[in-house]
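What follows is a single structure, written as structure tokens, with notes after it.
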Amino acid sequence: MCNKNHYLGSTPELKTKKDPEHYNDAFCKSADRACKRYPELPYHHPGHMKDVMQAVSELVELLPGDGYQRVINPWQESLLVLAAAWHDAGFDEKAAQEYPTKEEYASALLLKDLEDNGIELDDSDKAFLDRAIKGTIMTGPPQRDTPEAKLLHYADMAYMTADWETFWRGAEAFHHEEHPDMSWEDFQQFEADFLPKYMKSLRNDFQSLGIAEDEIQKRLDTLKSHLKRIMEMSNPWLERQNNQ
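In this note's numbering, the protein residues as written are 123 to 366.
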């Protein structure tokens with residue numbers, strides 16, 4: 123599951139602060155442990171974890187060259203990928219119900235994994251991981267007011283701005299897992315309400331990260347296209363719903 127290319131590279135800056143090989147190995151093993159805490163649900167499953175880890179790296183590549191250090195540095199990128207690995211860990215575990223949100227439980231699992239396995243990070247790094255994971259709470263602000271929270275949120279939702287097949291696979295899986303009794307008409311209305319709000323927040327957050335306008339517009343156009351297609355579709359679940 124773990125791809126060491128997701129983690130620390132060989133930049134001189136990192137070599138002066140951390141031991142790249144040590145943290146590459148430690149973070150990879152931590153990600154593998156996170157994978158075992160994912161359920162096998164239509165939307166939340168180990169494949170989702172892998173997709174979000176990859177999406178983090180792809181989003182970081184969109185950050186402006188002259189602003190990379192201002193937004194997020196290479197060491198923080200490695201932390202962000204680790205946060206991605208754990209962001210939905212323990213999603214369906216009973217213990218998660220004792221926390222206000224499943225994201226706070228996932229963050230607690232990650233911090234405990236670091237402690238149990240002797241992965242030494244300073245308090246600022248741990249706080250960075252916690253903020254990143256809490257950025258995936260869908261209610262948005264105030265916990266999504268840092269670059270790391272914004273980046274992990276949009277990595278978590280990266281399927282939304284992918285091609286139609288990827289988008290529809292994710293949207294359908296989310297429906298079947300979270301809202302299996304929602305009618306097609308209600309689903310269309312849900313998307314009609316949600317997608318414009320998502321487009322507005324994406325534009326604002328991507329601009330705050332310094333991402334180029336053409337990259338922003340490309341994603342907005344994709345979302346508009348997805349919404350148009352949904353609103354024009356006939357019920358694809360008719361037979362399934364009739365058999366329930």
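Where is the CB? At the ideal position from N, CA and C, for every residue including glycine.
_Contact under 7 Å by Cβ, residue 274 with residue 211_ = Taking the first residue of the sequence shown as position 1, residue 274 is located at position 152. Taking the first residue of the sequence shown as position 1, residue 211 is located at position 89. Not closer than 7 Å, so no.
*Using three-state DSSP, classify residue 238 as helix, strand or coil.*
As a position in the sequence shown, residue 238 is number 116, starting the count at 1. Of the three classes helix, strand and coil, the one that applies to residue 238 here is helix, per DSSP.
*Excluding the 5 residues preceding and the 5 following residue 271 in the sequence, name in chain order all residues of the same chain whose CB lies nearer than 7 Å to its CB.*
For this step, residue 271 is matched to residue 149 along the sequence shown. 253, 254, 256, 257, 265, listed in sequence order.
*In whole angstroms, what separates the C-alpha of residue 326 from that of residue 237?*
To locate residue 326, count along the sequence shown from 1; it is residue 204. To locate residue 237, count along the sequence shown from 1; it is residue 115. Straight-line Cα distance between these residues: approximately 36 Å.
*asked:* Alpha carbons only, please: which of 350, 239, 290, 319 is nearest the one belonging to residue 358?
replied: For the purposes of this step, residue 358 is taken as the residue at position 236 of the sequence shown. When only C-alpha atoms are compared, the closest one is 290.
*From residue 203 to residue 315, what distance separates their C-alpha atoms?*
Residue mapping note: residue 203 aligns to position 81 of the sequence shown, counting from 1. Residue mapping note: residue 315 aligns to position 193 of the sequence shown, counting from 1. Approximately 31 Å, taken between the alpha carbons.
*Ignoring anything shorter than 4 residues or poking outside the region 137-192, list the alpha helix (DSSP H) runs there in chain order.*
Qualifying alpha helix (DSSP H) stretches, in chain order: 142-157, 168-182.
*Spatial distance of residue 368 from residue 181 (CA atoms)*: Nothing can be reported for residue 368: it is not among the residues displayed for the chain, which extend from 123 to 366.
*Quick one: grab the DSSP three-state call for residue 356.*
If you number the sequence shown from 1, residue 356 lands on position 234. If DSSP states are grouped into helix, strand and coil, residue 356 belongs with coil.
*asked:* Assuming residue 330 is part of the alpha helix (DSSP H), what are its boundary residues?
replied: Mapped onto the sequence shown, residue 330 falls at position 208. Unbroken alpha helix (DSSP H) run through residue 330: 306-330.
*Give every residue of the same chain whose Cβ lies closer than 7 Å to the Cβ of residue 177, excluding the five residues on either side of it in the sequence, and list them in chain order.*
Taking the first residue of the sequence shown as position 1, residue 177 is located at position 55. If we look at residue 177 and ignore the five residues flanking it on each side, its Cβ neighbours are 277, 280.
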